[in-house]
Amino acid sequence: MLAQIRMEQTYAQIGLQTDRGVQEIKQPQAELNMHQEPAELHIKQSLGVLKIDTTEARAQLDLKGILRRNREYASLGRQKALQAIAKISQEGDQMRHIEKKGNKIAQIAAQNDGIYTNTNVLQADWTSDGITISYQKAEPQINWKVNGVKMNPEIHKPEINYTPGKVDVYVRQKNSLTIDVVGGNLDQGL
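Taking our numbering, the leading residue of the sequence shown gets 23, the next gets one more, and so forth.
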């Protein structure tokens, strides 16, 4: 029987030991740093105008100005002059009819008895009707300014920590080759 050569082979096996990498990311919050500026309001109020006219009230108290008093006296003088002219004209008409019965001169004298002793005195009766009050309001001037919000944001960079992973390579099984001679007699002398 012939001899056989038997070979057995095992392959090499490589083992991998891995540690995963670790990545940590922290994002700190941004700081807005907001500052609200107050609004500005400006109000300017001008004074109103109050007018009190007491001219008529003073006239009722006979405290008239010289110009007004002169106008009134001139008007009163004209009125009295017209009344005197009318009276003289009436008396003249009476005298013209002297042919009628009666003593016309005595009648005219009796009509005029005491007329010149009565002086006209102006009396003042005061009422509040002579006071005129007027008020003119002044509109306020309102100005405003909205200043808004001032922002100074501060942005923080993310904090990143990275631990790299590693891989350890080792031989799990070595390769081998075994050769056996099976059967038969071999001349070992060869």
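Backbone N, C-alpha and C fix where the C-beta goes; we use that ideal spot for every residue, glycine too.
Out of curiosity, what's the CA-to-CA distance linking residue i and residue j?
i: Q116; j: Q101; result: 22 Å
i: A47; j: Y184; result: Residue identity check: residue 47 is Ile in the sequence provided, not Ala. Answer to the nearest angstrom: the Cα atoms are 9 Å apart.
i: I182; j: Q51; result: 15 Å
i: D84; j: R93; result: 14 Å
i: N169; j: P162; result: 22 Å
i: W166; j: P60; result: 11 Å
i: V191; j: Q49; result: 36 Å
i: A79; j: R91; result: 14 Å
i: M173; j: E53; result: 10 Å
i: L72; j: E62; result: 31 Å
i: Q145; j: L104; result: Residue confidence for Q145 is low, a pLDDT of 44 falling below 50, so the modelled location carries little weight; the figure read from the coordinates is stated next. Roughly 23 Å between the two C-alpha positions.
i: G99; j: G114; result: 22 Å
i: K109; j: Q133; result: 11 Å
i: I27; j: I201; result: 7 Å
i: G187; j: M29; result: 41 Å
CB residue i to CB residue j, shorter than 8 Å?
i: A160; j: S97; result: no
i: V203; j: A34; result: no
i: S198; j: Q39; result: no
i: I74; j: I155; result: yes
So, is the C-beta of residue i closer than 8 Å to a C-beta in chain B?
i: G170; result: Of the protein chains in this structure there is only one, and it is not chain B.
Let's test the definition: count the other Cβ atoms within 10 Å of the Cβ of residue i and tell me whether it reaches 16, buried, or not, exposed.
i: D147; result: Bear in mind that the predicted position of D147 carries a pLDDT of just 46, short of 50, making it unreliable; the figure below should be weighed with that in mind. By the neighbour-count rule (16 or more Cβ atoms within 10 Å), D147 is not buried but exposed.
i: Q82; result: buried
i: K196; result: exposed
Per DSSP, residue i forms a beta bridge with which residues?
i: Q163; result: K66
i: G152; result: Answer is none; G152 lacks a bridge partner.
i: I27; result: V203
i: L14; result: One cannot answer for residue 14 here, as it falls past the ends of the chain, which runs 23 to 212.
i: N183; result: E46
i: H57; result: K172
Those runs of the alpha helix (DSSP H) which lie wholly inside the stretch 67 to 101 and span at least 4 residues
77 to 82
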